[in-house]
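S.K.: Numbering (the numbering used here), first residue to last: 5 to 96.
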Amino acid sequence: MSQPSVIGEVVTERQRQDARWGGAYWDDSHSTNDWLAIMVRHLGLAGNDGDTMIPSGADMVRYRRQMIRVAALAVAAVESIDRLRGKPTDAL
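#1: Near Asp-53, what residues of its chain come up, given a Cβ to Cβ distance below 7 Å and the 5 sequence neighbours on each side ignored?
#2: Which same chain residues end up closer than 6 Å to Arg-18 when comparing Cβ atoms and leaving out the 5 residues on each side of it in sequence?
#3: Using beta-carbon positions only, say whether Val-14 and Ile-72 come within less than 7 Å of one another.
#4: So what does DSSP say about His-128, is it helix, strand or coil?
#5: Could you give the residue range of the alpha helix (DSSP H) that holds Asp-22?
#6: Which class does Gly-51 belong to by DSSP, given the choice of helix, strand or coil?
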């Protein structure tokens with residue numbers, strides 16, 4: 005899968021998250037530690053899904069879905085930072 009295609013999936017996931025949770029108002033109510041906790045939770049779920057040491061084997065479809073969610077959550081956190089600061093921070 006190409007990078008633009010994966011990024012498109014992240015954008016679609018962000019739209020799903022906004023529709024489910026209420027968008028900027030909800031996102032901006034989270035602290036930096038909240039964002040980290042949410043992402044760690046989804047990383048943990050991904051780790052369980054991708055663990056090939058589990059006798060039943062790995063579920064790469066679920067692992068991949070969790071990783072897309074983590075990427076979308078990271079985007080949400082950055083969007084929130086930018087809104088709360090009133091402007092984008094220094095870009096890389």
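Quick reminder that beta carbons are idealized off the backbone N, C-alpha and C, glycines included.
M.R.: Let me lay it out:
#1: Here the set comprises Ala-62, Asp-63, Arg-66, Tyr-67, Gln-70.
#2: Excluding sequence neighbours, Arg-18 sits near Ala-76, Val-79.
#3: At the C-beta level, Val-14 and Ile-72 come within 7 Å of one another.
#4: The shown model of the chain, from 5 to 96, leaves out residue 128, and the question about it has no answer.
#5: 7-25
#6: Helix.
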